[in-house]
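Contents: one structure, followed by commentary.
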Amino acid sequence: MNKKREAEFQKLRRDLEESTLQHEATAAALRKKQADSVAELGEQIDNLQRVKQKLEKEKSEYKMEIDDLSSNMEAVAKAKGNLEKMCRTLEDQLSELKTKNDENVRQVNDISGQRARLLTENGTINNEQQPNA
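For the sequence shown, our numbering assigns the number 728 to the initial residue and increments by one for each residue that follows.
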């Protein structure tokens, strides 16, 4: 009976040792898997931080570009307003000059007509005075 128990005890001890070895191997594999996962997640975190920094830099650059474009648009709008005002002023001046020119042309035509009439009258008077002389 003792031998039977001793054999059973030895078998249980071998099973326990096998189980312990298997458990340790499983634990080692799990520790390695966890370490690999932690390393991979660390790399992902590093990559995401680099991407985040890059995106923040781009965001800052775009914001500066937007500010510059906004300033340029304001300057262009102001210049456009000034040019439109100048254009209206010049159009008004052109209209006044056209009116004055039309008046001057009318006066020149009137004076030319008066001159022609006076020349005709002068010619008539000269013709009337010549036979009497």
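Using N, Cα and C, we set each Cβ at its ideal position, and we do this for glycine too.
Since we're looking at a predicted model, the values are computed, not measured.
Check                                                                                                                                                                            : Outcome
In chain order, what residues of the same chain have a beta carbon less than 6 angstroms from the beta carbon of residue 781, not counting five sequence neighbours either side? : none
Which of the three DSSP states is assigned to residue 791 in this structure?                                                                                                     : helix
Looking at the structure shown, is residue 800 part of a helix, part of a strand, or coil, going by DSSP?                                                                        : helix
In angstroms with no decimal places, state the Cα-to-Cα distance between residue 783 and residue 777.                                                                            : 10 angstroms
In this structure, does DSSP put residue 728 in helix, strand or coil?                                                                                                           : coil
Quick check: the Cα distance between residue 847 and residue 835, rounded to an integer number of angstroms?                                                                     : 18 angstroms
To the nearest angstrom, how far is it from the Cα of residue 746 to the Cα of residue 775?                                                                                      : 42 angstroms
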